[in-house]
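J.:
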Amino acid sequence: MYQLIQMCDLQDTGGNRKVLRQSLERLSATQYWISGAWRSHEDDEWVTAGFRLIEKLVFTRKRSDIDGAKAISVTLPRELVRNIRNGYFKPVSAALLRELGQPSRAAYRVIDGLRHDPVQPDAKTRTLEISLMDLGRRCGIASDRPDKIRRTLEPIHEDLLRMHYLVEATIRGRGKIRRCTTSSGKRRPSLTRNSSP
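Taking this note's numbering, the leading residue of the sequence shown gets 270, the next gets one more, and so forth.
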């Protein structure tokens with residue numbers, strides 16, 4: 270438990286131990302569906318899978334220990350382990366995630382994931398261009414109105430520019446054919462708003 274708390278960059282307090290345990294219990298009880306997103310190297314296939322991030326969770330403590338679990342055992346599902354072994358595991362920046370709030374945190378994960386080639390996980394593009402409507406859908410923005418999606422994405426882009434994850438974020442075009450371009454790198458961050466009404 271202590272090592273996991275340290276890895277999460279938390280102080281070792283009773284409250285944090287309780288929150289950590291509750292978080293692990295929620296993760297072990299939550300069912301996810303990934304549709305057409307995990308590629309099987311062996312069979313060259315895209316698969317749809319329902320799974321939990323944690324297949325089995327065990328807390329162990331001595332009977333005399335009143336402070337809770339000392340050891341935690343986590344078993345991952347086979348599908349997840351296979352994809353990790355096949356190279357389909359992309360760590361995110363924990364430091365950046367700690368600094369971002371929602372919805373910027375979720376958008377960072379979406380944009381960062383889209384920058385990686387699904388067939389060659391090590392290949393990463395510096396510039397990403399995507400339909401504004403598609404980016405809004407991927408970021409969970411429940412609207413089919415381009416203006417609302419743009420207004421929701423602009424402060425997110427500003428957050429990612431402020432944190433120097435992005436150096437440029439541009440939304441151009443009209444209506445539902447608007448395009449969003451984001452770039453990462455070392456230049457000075459800049460945000461370009463839609464040039465068309």
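All residues carry an ideal CB built from backbone N, CA and C; glycine is no exception.
Enumerated in chain order, which unbroken segments of the alpha helix (DSSP H) with a length of 4 residues or greater are wholly contained in the segment 332 to 374?
T.: Runs of the alpha helix (DSSP H) inside the segment 332 to 374: 347 to 354 and 363 to 368.
J.: Let's see if you can read the secondary structure: which residues bound the alpha helix (DSSP H) around THR421?
T.: Counted from its first residue, the sequence shown places residue 421 at position 152. It spans 415 to 431 - the alpha helix (DSSP H) in which THR421 sits, taken as one unbroken run.
J.: Could you check what DSSP says for SER452 in three-state terms: helix, strand or coil?
T.: If you number the sequence shown from 1, residue 452 lands on position 183. Residue state, collapsed to three classes: strand.
J.: Could you pull out every residue in the same chain whose Cβ sits closer than 8 Å to the Cβ of SER464, ignoring the five residues on either side in sequence?
T.: In the sequence shown, the residue the question calls residue 464 occupies position 195. At SER464 the pLDDT is 44, less than 50, meaning the model places this residue with poor confidence; the figure from the coordinates comes in the next sentence. Cβ within range, chain order: ARG441.
J.: Could you give the C-beta distance for ALA364 and CYS408, rounded to a whole number, given that I count them as a contact under 8 Å?
T.: Counting from 1 along the sequence shown, the entry for residue 364 is found at position 95. Counting from 1 along the sequence shown, the entry for residue 408 is found at position 139. ALA364 to CYS408, Cβ: 21 Å. No contact.
J.: Rounding to the nearest angstrom, what Cα-Cα distance links ARG443 and LEU401 in this structure?
T.: For the purposes of this step, residue 443 is taken as residue 174 along the sequence shown, with counting starting at 1. For the purposes of this step, residue 401 is taken as residue 132 along the sequence shown, with counting starting at 1. Cα to Cα, the separation comes out at about 10 Å.
J.: DSSP puts GLU398 in a beta bridge; with which residues?
T.: Numbered from 1 along the sequence shown, position 129 holds the residue referred to as residue 398. Beta-bridge pairing links GLU398 to THR450.
J.: Is it right to say ARG447 is buried, meaning 16 or more other beta carbons lie within 10 angstroms of its own, or is it exposed?
T.: If you number the sequence shown from 1, residue 447 lands on position 178. The residue is buried, with at least 16 neighbouring Cβ atoms inside 10 Å.
J.: DSSP on ILE440, reduced to helix/strand/coil?
T.: As a first step, residue 440 is located in the sequence shown; it is residue number 171 there, counting from the start. In the structure shown, ILE440 sits in a strand (DSSP, three-state: E or B).
J.: List the residues that DSSP assigns as beta-bridge partners of LEU326.
T.: Along the sequence shown, read from residue 1 onward, the residue named residue 326 stands at position 57. Answer is VAL343.
J.: Between PRO346 and chain B, is any beta-carbon pair separated by less than 9 Å?
T.: Going by chain labels, chain B is absent from the structure shown, which holds only one protein chain.
J.: If you draw a straight line from the alpha carbon of PHE358 to that of PRO424, how long is it in whole angstroms?
T.: Along the sequence shown, read from residue 1 onward, the residue named residue 358 stands at position 89. Along the sequence shown, read from residue 1 onward, the residue named residue 424 stands at position 155. Approximately 28 Å, taken between the alpha carbons.
J.: Are THR299 and GLU324 close, meaning C-beta to C-beta below 9 Å?
T.: Reading the sequence shown from its first residue, position 30 is the one you call residue 299. Reading the sequence shown from its first residue, position 55 is the one you call residue 324. Contact flag unset, no.
J.: Roughly how many angstroms lie between the CA atoms of ASP391 and ARG351, to the nearest whole one?
T.: The residue labelled residue 391 in the question sits at position 122 within the sequence shown. The residue labelled residue 351 in the question sits at position 82 within the sequence shown. Roughly 17 Å between the two C-alpha positions.
J.: Would you report the Cα separation of VAL379 and ARG332, rounded to the nearest angstrom?
T.: To locate residue 379, count along the sequence shown from 1; it is residue 110. To locate residue 332, count along the sequence shown from 1; it is residue 63. Approximately 44 Å between the Cα atoms of the pair.
J.: Using only CA atoms, which one of LEU273, SER453, GLY356 and ASP381 lies nearest to GLN212?
T.: Residue 212 lies beyond the range of the chain shown here (270 to 466); nothing can be said about it.
J.: Note down the Cα distance separating LEU397 from TRP302, rounded to an integer number of angstroms.
T.: Here residue 397 is taken as the residue at index 128 of the sequence shown, counted from 1. Here residue 302 is taken as the residue at index 33 of the sequence shown, counted from 1. Distance between the alpha carbons of LEU397 and TRP302 is about 26 Å.
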